[in-house]
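For the sequence shown, the positions run 447 to 733 when my numbering is used.
Beneath this line is the structure, given in structure tokens, with notes to follow.
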Amino acid sequence: MTIFLDRQPLPRIAVVMLAVAFLLTGCASGAAPATYETSASSGLETGFGGSAADGAAADGAAADGAAADGEAVAGASADEPVGVPAEATPGIDLAAHSPTDPASPWVVVNKRVAVDPVDYEPDLTTVRGYLVRPDVAPDLTALLAAAEADGVHLTLRSAYRGYSKQAAVYEGWVAQLGSAQADAVSARPGHSEHQTGLAVDVGGSSRPQCDFEPCFGDTPEGRWVAEHARSFGFLVRYTPENKAVTGYAPEAWHLRWVGRDLAGYLSETGLSTLEEVFDVPGGDYRR
Numbered sequence: 447m448t449i450f451l452d453r454q455p456l457p458r459i460a461v462v463m464l465a466v467a468f469l470l471t472g473c474a475s476g477a478a479p480a481t482y483e484t485s486a487s488s489g490l491e492t493g494f495g496g497s498a499a500d501g502a503a504a505d506g507a508a509a510d511g512a513a514a515d516g517e518a519v520a521g522a523s524a525d526e527p528v529g530v531p532a533e534a535t536p537g538i539d540l541a542a543h544s545p546t547d548p549a550s551p552w553v554v555v556n557k558r559v560a561v562d563p564v565d566y567e568p569d570l571t572t573v574r575g576y577l578v579r580p581d582v583a584p585d586l587t588a589l590l591a592a593a594e595a596d597g598v599h600l601t602l603r604s605a606y607r608g609y610s611k612q613a614a615v616y617e618g619w620v621a622q623l624g625s626a627q628a629d630a631v632s633a634r635p636g637h638s639e640h641q642t643g644l645a646v647d648v649g650g651s652s653r654p655q656c657d658f659e660p661c662f663g664d665t666p667e668g669r670w671v672a673e674h675a676r677s678f679g680f681l682v683r684y685t686p687e688n689k690a691v692t693g694y695a696p697e698a699w700h701l702r703w704v705g706r707d708l709a710g711y712l713s714e715t716g717l718s719t720l721e722e723v724f725d726v727p728g729g730d731y732r733r
């Protein structure tokens, strides 16, 4: 005898539980979750047609290099997402080097603060026939090479000048312009950054008549230096904006090496002078 059973509708909670079970079974059997497209391009830039070793990390990273996005991707484990920006570069230790020791890469020399001792002579090496401190040479060489790679031919026009040489230069300006005008364009002996071996004057081949002249800033070489010098640890030390602090008329050709750490710090903070960073008096000579 056949017995027919009435089929009663399932309770609503049972329907919901069956639907959840079905979805879970589908995912376990190979349904793939949505994926997001990411960029694994490197954040390390040379920006000047040179190699990464000769270039600098973006935004003026330190000479030993900052971690870039591409490096973070390369070192990520299989469980880590790609395309995650690298952590911010740690803050710089402004007490790492003295602003008064003439052997320090961060020494501040200006019209108010002389080299001490006044006859100080640094260790020196040669770059393209000009004398600079050995710690300056790698970045200076890289800067010149990077400019060449960008089609910009920078020349060196001056570098280290000892106390006696600076005395002769200054006296030449006094004879030509008088002492008041000479003070605006030349340092008195003992007050020149060139005596530290950390400063160079650059020129260009596009308009050589602008070397050591205000129009240098408008040349391809001057514009390139203004844009890229900090990436190699150099400051355009004397600008129209910081004249009151540095005490000198603008010199678009005068580059002062401070290293990539400090140059990057100045870029990040918007500062333009060593006097502001280290709270050193600036301005004109004491009368």
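The beta-carbon is built from N, C-alpha and C at its ideal position, and this holds for glycine as well.
Helix, strand or coil at residue i according to DSSP, with G and I counted as helix
i    : result
D629 : helix
L708 : helix
V691 : helix
A591 : helix
A541 : coil
A583 : helix
E697 : strand
H640 : helix
T715 : helix
P548 : coil
F662 : helix
P635 : coil
P654 : helix
Neighbourhood of residue i by C-beta distance below 6 Å, restricted to the same chain and skipping five residues each side
i    : result
G729 : G693
G521 : Its pLDDT being 32, under 50, G521 is placed unreliably by the model, and the measurement read from it follows with that caveat. No residues qualify anywhere along the chain.
A560 : G636, H637
L720 : V554
P668 : As written in the sequence, residue 668 is Gly, which differs from the Pro given in the question. The residues are F662, A698.
L589 : F678
V691 : T719, E721, G728
C656 : F662, T665
Endpoints, the beta strand (DSSP E) within which residue i is located
i    : result
F680 : 680 to 684
A602 : In the sequence as presented, Ala is not what sits at residue 602; that position holds Leu. 600 to 604 is the extent of the beta strand (DSSP E) around L602.
T571 : 571 to 573
Unbroken alpha helix (DSSP H) run spanning residue i, endpoints
i    : result
A645 : Note, A645: premise wrong, no alpha helix (DSSP H); beta strand (DSSP E) at 645 to 650.
W670 : 666 to 674
G618 : 609 to 623
V723 : 720 to 724
Beta-carbon proximity list for residue i, same chain, < 8 Å, skipping 5 on both sides
i    : result
A672 : G663, V682, A698
A630 : Y694, A695
Y576 : L602, S604, A605, Y606, V646
T571 : L577, V578, R579, P580, A583
S610 : P635
W670 : A593, D596, V598, L600
D547 : V553
Identity of the residues DSSP links to residue i by a beta bridge
i    : result
W703 : F680
L577 : T572
E567 : Per DSSP, none; premise fails for E567.
Same chain, Cβ closer than 7 Å to residue i, five either side skipped, listed in chain order
i    : result
R702 : E639, L644, A645, F680, L681, R683
R732 : R558
Y566 : P548, Q641
K689 : A695, P696
- prompt: Touching or not, the region 643 to 651 and the region 598 to 614, by the rule of three or more beta carbon pairs under 8 Å?
  reply: yes
- prompt: Can you find at least 3 beta carbon pairs, one from the region 536 to 548 and one from the region 609 to 626, that sit closer than 8 Å?
  reply: no
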